[in-house]
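A.B. asks: Starting off with a structure, shown below.
There are 2 protein chains.
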Amino acid sequence: MITVHDAAGRLAAALGDGPAAKLAASALVEADALGLPRFGIAMLDEWTVDAAPVAASDGAQAINWLDCSSCFAPLAVASAALDLAGAARQFGIAAVFLRGVRGFGRLAPFVRHLADAGLLAIAGAEGPPFVAPYGGIHPVIGTNPLALAIGQGADRVVIDVATSTATMADIRNARVSGAPLPDGIALDGEGRPTSIAAEVAALLPRGGQIGSLLGLVVELVAGVAGGGRGDPKGRGVFILAFDPARAGDDVDWQARLAGLKRDWTTGGGHWPRGGSLSLETELDDDFAQRLDTHLARMTGRSAGR
Amino acid sequence: MITVHDAAGRLAAALGDGPAAKLAASALVEADALGLPRFGIAMLDEWTVDAAPVAASDGAQAINWLDCSSCFAPLAVASAALDLAGAARQFGIAAVFLRGVRGFGRLAPFVRHLADAGLLAIAGAEGPPFVAPYGGIHPVIGTNPLALAIGQGADRVVIDVATSTATMADIRNARVSGAPLPDGIALDGEGRPTSIAAEVAALLPRGGQIGSLLGLVVELVAGVAGGGRGDPKGRGVFILAFDPARAGDDVDWQARLAGLKRDWTTGGGHWPRGGSLSLETELDDDFAQRLDTHLARMTGRSAGR
Chain A
2 MITVHDAAGR LAAALGDGPA AKLAASALVE ADALGLPRFG IAMLDEWTVD
52 AAPVAASDGA QAINWLDCSS CFAPLAVASA ALDLAGAARQ FGIAAVFLRG
102 VRGFGRLAPF VRHLADAGLL AIAGAEGPPF VAPYGGIHPV IGTNPLALAI
152 GQGADRVVID VATSTATMAD IRNARVSGAP LPDGIALDGE GRPTSIAAEV
202 AALLPRGGQI GSLLGLVVEL VAGVAGGGRG DPKGRGVFIL AFDPARAGDD
252 VDWQARLAGL KRDWTTGGGH WPRGGSLSLE TELDDDFAQR LDTHLARMTG
302 RSAGR
Chain B
2 MITVHDAAGR LAAALGDGPA AKLAASALVE ADALGLPRFG IAMLDEWTVD
52 AAPVAASDGA QAINWLDCSS CFAPLAVASA ALDLAGAARQ FGIAAVFLRG
102 VRGFGRLAPF VRHLADAGLL AIAGAEGPPF VAPYGGIHPV IGTNPLALAI
152 GQGADRVVID VATSTATMAD IRNARVSGAP LPDGIALDGE GRPTSIAAEV
202 AALLPRGGQI GSLLGLVVEL VAGVAGGGRG DPKGRGVFIL AFDPARAGDD
252 VDWQARLAGL KRDWTTGGGH WPRGGSLSLE TELDDDFAQR LDTHLARMTG
302 RSAGR
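So the sequence lines, in the order shown, correspond to chains A and B.
My numbering applies: residue 2 is where the first sequence begins, and numbers increase by one.
My numbering applies: residue 2 is where the second sequence begins, and numbers increase by one.
The following block contains the structure:
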């Protein structure tokens, strides 16, 4: 057993121990602790000792584009989020577009970090074509998650939602287990609904037309304007943040956030928190062993604590 | 009969004939021409001769908040969109938050104008609580549309989508006609599904959870950070734009947009165009008479052309 705190600390040290290393490490460990191992330390498979240092955003600009194809992706996204906080404070609003991004995990920890810095942050990621447009039959866009965070403490909200009904990992799992897929998840190569994982050629958008349009929004921002679409070296990711305190005393955004949370939950809604958890949460021995193996490879030492 | 071109020209003159007047006038006339009269010149009912001049955004800032409660809303949104284009070109990215906005029509014409200026634009509007959260039973947020536009000519995309299944206007129309509502549209005062318009107490989010979360995204940006939520004088509206050409030669966003459109339509999807139409489109005599009546009131002259 190892706590989130200790696992993230050990991983951050192996990643260089700077602020980006700490943010990337805690993001990956958190995913494992949330039971989402395919967004967790499995990403370390992509780490290489000769990964390029993460390019710094140009602090003189409110908007930046970065090619991350030679970087370790979780560090690149973390570093971009940290730089973005400074730019958003300086200019009031800022954005960064990353391309060539390989597996980086979940968006939630990065937008949450920006919310902790007092900003409203929105992020999205495009990816390889797995999802058909609404009404269509062939895959055109990725599962294209969108995330938003604002606020601190009990009122904080962290949204992190895929725009597809399922992920290709879900389909691969069903292929292995042989379990039938739920209805309305996927199409076969002829564009017909299918519940047989081995026949899946395209996933469907979540919620029909609105999920399809939201996936298209993410593709237009991260893939078209951000330049990520069609890059064989990795995905397109954007992060945007602005400083609501710039409104001055006219807008008490913290009171409005507290009021909206109260109304939302009183109205019967679930207030999304993006799956954060206590640093004292414990991970099991299987995780601890996997972490040891990764750390041994990264530090060039044999496994063992 | 009157063409869109001539109707918009006459209305723009009555609104002062500047760039904002022209944009606002064409947005309203276009809505009528698209068969959406409740987003059209009916908005002129709110026009008063003593409406405050539209506040100019502070050109020295990438991000601005404006109280529009004393302004004619279509002019205020048009003026903000025009100022935003300048700020986005100057800083690379910019945003404006309007509050106290009364009926202004559709978002699509304003983001389309920014796309014509070479920008990617995103806008959203919150409003009075009509829509329940996913899984909830009481209304908490508005029908909260989100819009995005990028590109020019044949490849241009204009998304403009409400995050609710229906609008309160749809419910009012059904109340008058007595027609039953489709399933899955609305809840009664006890939170039970209803198809009886007179019993509707809350609308449902479009597409279930994802539409609910997207409505929450719009509320958090326009209502919380933008300060619009709970303002009895009107809605919160945000418009955000950035300049994809700032990426330089590394990202050919126009080629990527053309490629995405080709893939999207080949895959069976509908490429959204936001309902623009030819300036030569003709509007019927009923519209022409309504326009005359509005113009007569606005100019203090008796109706008649």
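For glycine and all other residues, C-beta sits at the position ideal for the given N, C-alpha and C.
The structure displayed is predicted, hence computed values, not measured ones.
How many angstroms separate the CA atom of residue 295 (chain B) from the CA atom of residue 21 (chain B)?
C.D. replies: Taking the second sequence and counting its residues from 1, one reaches residue 295 (chain B) at position 294. Taking the second sequence and counting its residues from 1, one reaches residue 21 (chain B) at position 20. Near 18 angstroms, if we compare the C-alpha coordinates of residue 21 (chain B) and residue 295 (chain B).
A.B. asks: Rounded to whole angstroms, how far is the Cβ of residue 109 (chain B) from the Cβ of residue 61 (chain B), which I believe are closer than 8 angstroms?
C.D. replies: Counting from 1 along the second sequence, the entry for residue 109 (chain B) is found at position 108. Counting from 1 along the second sequence, the entry for residue 61 (chain B) is found at position 60. Their Cβ separation, rounded to whole angstroms, is 30 angstroms, which puts residue 109 (chain B) and residue 61 (chain B) out of contact at 8 angstroms.
A.B. asks: What does residue 92 (chain B) reach in chain A if we use C-beta pairs closer than 7 angstroms?
C.D. replies: Locating residue 92 (chain B) in the second sequence gives position 91, counting from the first residue. Correct list: 63 and 92.
A.B. asks: Using a Cβ-Cβ cut-off of 8 angstroms, state whether residue 136 (chain B) counts as contacting chain A.
C.D. replies: In the second sequence, counting from the first residue as 1, residue 136 (chain B) sits at position 135. It does: the Cβ of residue 136 (chain B) has a partner Cβ on chain A nearer than 8 angstroms.
A.B. asks: DSSP three-state call for residue 221 (chain A): helix, strand or coil?
C.D. replies: The residue you call residue 221 (chain A) lines up with position 220 of the first sequence. Helix at residue 221 (chain A).
A.B. asks: Sorry if obvious, but does the Cβ on residue 266 (chain A) come closer than 7 angstroms to a heavy atom of the ligand FAD?
C.D. replies: Annotation note on the ligand FAD: not contained in the displayed structure, which lists no ligands.
A.B. asks: Taking only beta-carbon atoms, is residue 60 (chain B) less than 8 angstroms away from chain A?
C.D. replies: Numbered from its first residue, the second sequence carries residue 60 (chain B) at position 59. Chain A, which has no Cβ nearer than 8 angstroms to the Cβ of residue 60 (chain B), makes this no.
A.B. asks: Ignore the nearest five residues each way along the sequence and tell me which others in residue 227 (chain B)'s own chain have a CB closer than 6 angstroms to its CB.
C.D. replies: Here the question's residue 227 (chain B) lines up with position 226 in the second sequence. Closer than 6 angstroms at the Cβ level, and outside the excluded window around residue 227 (chain B), lie 98, 237 and 239.
A.B. asks: Using 8 angstroms as the limit for Cβ to Cβ distance, is residue 267 (chain B) near chain A?
C.D. replies: Within the second sequence, the letter at position 266 stands for residue 267 (chain B). Output row for residue 267 (chain B): interface = yes.
A.B. asks: Verify the CB distance criterion: does residue 95 (chain A) have a CB-CB separation below 8 angstroms to chain B?
C.D. replies: Residue numbering aside, residue 95 (chain A) sits at position 94 when the first sequence is read from its first letter. Yes, contact with chain B.
A.B. asks: Can you name the residues of chain B whose CB is closer than 8 angstroms to the CB of residue 230 (chain A)?
C.D. replies: The count along the first sequence starts at 1 and reaches residue 230 (chain A) at position 229. Result: 257, 260 and 261.
A.B. asks: Note the first and the last residue of the continuous beta strand (DSSP E) segment covering residue 65 (chain A).
C.D. replies: The residue labelled residue 65 (chain A) in the question sits at position 64 within the first sequence. Note, residue 65 (chain A): beta strand (DSSP E), 64 to 68.
A.B. asks: Can you tell me whether residue 1 (chain A) is buried or exposed, with buried defined as 16 or more other CB within 10 angstroms of its CB?
C.D. replies: Nothing in the structure corresponds to residue 1 (chain A), since chain A is present only between 2 and 306.
A.B. asks: Within the continuous alpha helix (DSSP H) that includes residue 243 (chain A), where are the two ends?
C.D. replies: Residue mapping note: residue 243 (chain A) aligns to position 242 of the first sequence, counting from 1. Residue 243 (chain A) -> not in any alpha helix (DSSP H); beta strand (DSSP E) instead, spanning 236 to 243.
A.B. asks: In terms of residue numbering, what span does the alpha helix (DSSP H) encompassing residue 33 (chain B) cover?
C.D. replies: Locating residue 33 (chain B) in the second sequence gives position 32, where the first residue counts as 1. Run containing residue 33 (chain B): 20 to 34, per the alpha helix (DSSP H) assignment.
A.B. asks: For residue 243 (chain B), would you say it is in contact with chain A, using Cβ-to-Cβ distances shorter than 8 angstroms as the test?
C.D. replies: Position 242 of the second sequence, counted from the first residue, corresponds to residue 243 (chain B). Yes, residue 243 (chain B) lies at the interface with chain A (some Cβ there is under 8 angstroms from its Cβ).
A.B. asks: What are the start and end residues of each continuous beta strand (DSSP E) run of 3 or more residues lying completely inside the region 51 to 120 of chain A, in chain order?
C.D. replies: Runs of the beta strand (DSSP E) inside the region 51 to 120 of chain A: 64 to 68 and 94 to 102.
A.B. asks: Could you name the residues of the same chain whose beta carbon sits closer than 7 angstroms to that of residue 104 (chain A), not counting the 5 residues immediately before and after it, in chain order?
C.D. replies: The count along the first sequence starts at 1 and reaches residue 104 (chain A) at position 103. 44, 47 and 74.
A.B. asks: Could you pull out every residue in the same chain whose Cβ sits closer than 7 angstroms to the Cβ of residue 161 (chain B), ignoring the five residues on either side in sequence?
C.D. replies: Taking the first residue of the second sequence as position 1, residue 161 (chain B) is located at position 160. Counting only Cβ-Cβ distances below 7 angstroms, and skipping sequence neighbours, we find 107, 108, 109, 146, 148 and 275.
A.B. asks: Using a Cβ-Cβ cut-off of 7 angstroms (strictly less than) and excluding sequence neighbours within five positions of residue 34 (chain B), which residues of its own chain qualify?
C.D. replies: Your numbering for residue 34 (chain B) matches position 33 in the second sequence. Within the same chain, residue 34 (chain B) has close Cβ partners 5, 278, 282 and 284.
A.B. asks: Express the C-alpha separation of residue 298 (chain B) and residue 256 (chain A) in angstroms, rounding to a whole number.
C.D. replies: Looking up residue 256 (chain A) in the first sequence gives position 255. Looking up residue 298 (chain B) in the second sequence gives position 297. Roughly 41 angstroms between the two C-alpha positions.
A.B. asks: So, at 8 angstroms on beta carbons, what are the nonlocal neighbours of residue 52 (chain A) in its own chain, with the 5 sequence-adjacent residues on each side left out?
C.D. replies: In the first sequence, counting from the first residue as 1, residue 52 (chain A) sits at position 51. 71, 72, 73 and 76.
A.B. asks: Tell me, to the nearest whole angstrom, how far the beta carbon of residue 242 (chain A) is from that of residue 120 (chain A); I am working on the premise that it is less than 8 angstroms.
C.D. replies: As a first step, residue 242 (chain A) is located in the first sequence; it is residue number 241 there, counting from the start. As a first step, residue 120 (chain A) is located in the first sequence; it is residue number 119 there, counting from the start. Going by Cβ atoms, the distance from residue 242 (chain A) to residue 120 (chain A) rounds to 4 angstroms, so yes, they are a contact pair.
A.B. asks: Between residue 122 (chain A) and residue 190 (chain B), what straight-line distance do the alpha-carbon atoms span, to the nearest angstrom?
C.D. replies: Along the first sequence, read from residue 1 onward, the residue named residue 122 (chain A) stands at position 121. Along the second sequence, read from residue 1 onward, the residue named residue 190 (chain B) stands at position 189. One C-alpha to the other measures close to 35 angstroms.
A.B. asks: Return helix, strand or coil for residue 15 (chain B), following the three-state DSSP convention.
C.D. replies: Stepping through the second sequence from its first residue, residue 15 (chain B) is reached at position 14. Three-state DSSP puts residue 15 (chain B) in a helix.
A.B. asks: Within its chain, find whatever has a CB closer than 7 angstroms to the CB of residue 291 (chain A); leave out the 5 residues flanking it on each side and keep chain order.
C.D. replies: Along the first sequence, one-based indexing puts residue 291 (chain A) at 290. Closer than 7 angstroms at the Cβ level, and outside the excluded window around residue 291 (chain A), lie 42.
A.B. asks: Can you list, in chain order, the residues of its chain with a C-beta nearer than 8 angstroms to that of residue 83 (chain A)? Leave out the 5 residues immediately preceding and following it.
C.D. replies: Stepping through the first sequence from its first residue, residue 83 (chain A) is reached at position 82. Cβ neighbours of residue 83 (chain A) beyond the five flanking positions: 20, 21, 24 and 114.
A.B. asks: In terms of alpha-carbon separation, which member of B:195, B:90, B:164 and B:224 lies closest to residue 246 (chain B)?
C.D. replies: Here residue 246 (chain B) refers to the residue found at position 245 when the second sequence is read from its first residue. Cα-wise, what sits closest to residue 246 (chain B) is B:90.
A.B. asks: Using the Cβ count rule (16 or more neighbours within 10 Å means buried), how would you classify residue 179 (chain A)?
C.D. replies: Taking the first sequence and counting its residues from 1, the one referred to as residue 179 (chain A) is at position 178. By the neighbour-count rule (16 or more Cβ atoms within 10 Å), residue 179 (chain A) is not buried but exposed.
A.B. asks: When the cut-off is 8 angstroms and only beta carbons count, does residue 220 (chain B) lie next to chain A?
C.D. replies: The count along the second sequence starts at 1 and reaches residue 220 (chain B) at position 219. Closer than 8 angstroms: yes.
A.B. asks: Would you report the Cα separation of residue 218 (chain B) and residue 301 (chain A), rounded to the nearest angstrom?
C.D. replies: Position 217 of the second sequence, counted from the start, is the residue given in the question as residue 218 (chain B). Position 300 of the first sequence, counted from the start, is the residue given in the question as residue 301 (chain A). Residue 218 (chain B) and residue 301 (chain A): Cα-Cα distance of roughly 45 angstroms.
A.B. asks: If you draw a straight line from the C-alpha of residue 134 (chain B) to the C-alpha of residue 176 (chain A), how long is it?
C.D. replies: In the second sequence, counting from the first residue as 1, residue 134 (chain B) sits at position 133. In the first sequence, counting from the first residue as 1, residue 176 (chain A) sits at position 175. Their backbone Cα atoms lie some 34 angstroms apart in a straight line.
A.B. asks: Taking only three categories from DSSP, how would you classify residue 197 (chain B)?
C.D. replies: One-based indexing of the second sequence puts residue 197 (chain B) at position 196. The answer is coil: DSSP assigns residue 197 (chain B) none of H, G, I, E or B.
A.B. asks: Can you give me the start and stop residues for the alpha helix (DSSP H) that residue 187 (chain A) sits inside?
C.D. replies: As a working mapping, residue 187 (chain A) is identified with position 186 in the first sequence. Element bounds for residue 187 (chain A): not the alpha helix (DSSP H) but the beta strand (DSSP E), 187 to 189.
A.B. asks: From residue 216 (chain B) to residue 224 (chain B), what does the alpha carbon distance come to, in whole angstroms?
C.D. replies: Position 215 of the second sequence, counted from the first residue, corresponds to residue 216 (chain B). Position 223 of the second sequence, counted from the first residue, corresponds to residue 224 (chain B). Their backbone Cα atoms lie some 11 angstroms apart in a straight line.
A.B. asks: Would you mind giving the Cβ-Cβ distance between residue 229 (chain A) and residue 127 (chain A), rounded to the nearest angstrom? I have them listed as a contact below 8 angstroms.
C.D. replies: As a first step, residue 229 (chain A) must be located in the first sequence, where it is residue number 228. As a first step, residue 127 (chain A) must be located in the first sequence, where it is residue number 126. Yes, they are in contact, since the Cβ atoms of residue 229 (chain A) and residue 127 (chain A) sit about 5 angstroms apart, within 8 angstroms.
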